[in-house]
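**Student:** I have a structure I would like to understand better, so I am pasting it below and will then ask my questions one at a time.
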Amino acid sequence: MYNNALHGIYLTQITWMKSARAEPYLYYIVTEVEKRNLPIELALMPLIESDFNASAYSHKHASGLWQLTPAIAKYFKVQISPWYDGRQDVIDSTRAALNFMEYLHKRFDGDWYHAIAALNLGEGRVLRAISNIKNKANPLIFQLKTAQTNQSVRAKRTSCGTIIKKPKNAFPAILNSPTIAVLPVDCAVILDNRKQWQQLEIFKPMV
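Under my numbering, think of the first position of the sequence shown as 773, with each following residue one higher.
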């Protein structure tokens, strides 16, 4: 059963759009979604999956903004090694995640409800649910009997869609310009020391 109370809670919590996590990524992700003519709601999937935490790691070994599993990441050619995990790279992970969603959309005959449910619950589980549900007129996403955590995910997802479709809401202002650049490096670099990187006024790659 859908949890309207959770929907209301998430609907009022829109300050995440101004958060230090979301703002650096939203412009790039929205641009990539629009390039593919995909539903703009998909740009908010990292909020649902990881709260825009690029380093997020789940007990099921999913990682990154989009919470890609190792199997899905490797299938869509994201490099994973002891030294580098492309799932935590916004460019590699976004490419793979959007490729995966396009695949699921096609796999479920153009039904975004089913495709997004499969993204969170697993392709096999959704396929089995479809075969067992007699009344297919209602969206599958609201019929699946899921754990409380998945009810939370569904409420969060629906709230994101509601927020996007109500332009009169007072959204916090965020940068509407590119915030990500690709810098070539010729060796392994540790990028988790933010303080040191902020001291670099300019980065000039070797030619």
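Where a beta carbon is used, it is the ideal one built from N, C-alpha and C, also for glycine. Keep in mind it's a predicted model, so treat the numbers as computed, not measured.
Helix, strand or coil, according to DSSP, for Y875 in the structure here?
**Tutor:** The sequence position of residue 875 within the sequence shown is 103, counting from 1. Correct three-state label for Y875: helix.
**Student:** Quick one: give me the first and last residue of the alpha helix (DSSP H) that V805 is part of.
**Tutor:** Mapped onto the sequence shown, residue 805 falls at position 33. E795 to K807 is the extent of the alpha helix (DSSP H) around V805.
**Student:** Starting from the Cα of A868, find the closest Cα among P854, F880 and V850 and give me that residue.
**Tutor:** Sequence index remark: in the sequence shown, residue 868 carries index 96 (1-based). Checked all of P854, F880 and V850; the closest Cα to A868 is V850.
**Student:** For the segment 826-840 against the segment 806-815, are there 3 or more C-beta pairs whose distance is under 8 angstroms?
**Tutor:** With a cut-off of 8 angstroms, the segment 806-815 and the segment 826-840 do not count as touching, because too few Cβ pairs lie within range.
**Student:** Using only CA atoms, which one of W884, W855 and L893 lies nearest to K839?
**Tutor:** Translated into the one-based positions of the sequence shown, residue 839 becomes position 67. Contrary to the premise, residue 839 reads as Gln rather than Lys in this sequence. Per the Cα distances, L893.
**Student:** Going straight from the alpha carbon of Y797 to that of V805, what length do you get?
**Tutor:** Here residue 797 refers to the residue found at position 25 of the sequence shown. Here residue 805 refers to the residue found at position 33 of the sequence shown. Whole-angstrom Cα-Cα distance: 12 angstroms.
**Student:** Could you give the distance in angstroms between the alpha-carbon of Y856 and the alpha-carbon of L870?
**Tutor:** The residue given as residue 856 occupies position 84 in the sequence shown. The residue given as residue 870 occupies position 98 in the sequence shown. When rounded, the distance between both Cα atoms is 21 angstroms.
**Student:** Excluding the 5 residues preceding and the 5 following W884 in the sequence, name in chain order all residues of the same chain whose CB lies nearer than 7 angstroms to its CB.
**Tutor:** One-based indexing of the sequence shown puts residue 884 at position 112. For W884, where only same-chain residues beyond five positions count, the Cβ hits under 7 angstroms are P811 and H877.
**Student:** So is G836 buried or exposed if we call it buried at 16+ other beta carbons inside 10 Å?
**Tutor:** As a first step, residue 836 is located in the sequence shown; it is residue number 64 there, counting from the start. Classification of G836: buried, given that the 10 Å Cβ count is 16 or more.
**Student:** Is it right to say L955 is buried, meaning 16 or more other beta carbons lie within 10 angstroms of its own, or is it exposed?
**Tutor:** As a working mapping, residue 955 is identified with position 183 in the sequence shown. So L955 ends up on the exposed side.
**Student:** For K846, report the span of its alpha helix (DSSP H) as first-last.
**Tutor:** Here the question's residue 846 lines up with position 74 in the sequence shown. Unbroken alpha helix (DSSP H) run through K846: P842 to Y847.
**Student:** Give me the residue from V898, P842, L947 and P950 with the minimum Cα distance to P854.
**Tutor:** Here residue 854 refers to the residue found at position 82 of the sequence shown. The shortest Cα separation from P854 among V898, P842, L947 and P950 belongs to P842.
**Student:** Do you know how far the Cα of V898 is from the Cα of A826?
**Tutor:** Here the question's residue 826 lines up with position 54 in the sequence shown. Here the question's residue 898 lines up with position 126 in the sequence shown. Each residue's alpha carbon lies about 27 angstroms from the other.
**Student:** Excluding sequence positions up to five away, which residues of its chain have a Cβ less than 8 angstroms from the Cβ of E795?
**Tutor:** The count along the sequence shown starts at 1 and reaches residue 795 at position 23. Cβ within range, chain order: M789, I946, L947 and T951.
**Student:** From G882, A845 and E874, pick the residue whose C-alpha is nearest to that of D864; which is it?
**Tutor:** On the sequence shown, residue 864 is found 92 positions in, with the first residue counted as 1. Residue A845 is the option with its Cα nearest to D864.
**Student:** By alpha-carbon positions, which one of A901, F872 and Y799 ends up nearest to Y847?
**Tutor:** On the sequence shown, residue 847 is found 75 positions in, with the first residue counted as 1. Nearest C-alpha to Y847: F872.
**Student:** Which stretch, first to last residue, makes up the alpha helix (DSSP H) that contains A889?
**Tutor:** Numbered from 1 along the sequence shown, position 117 holds the residue referred to as residue 889. Looking at the DSSP string, the run of the alpha helix (DSSP H) that includes A889 is W884 to L893.
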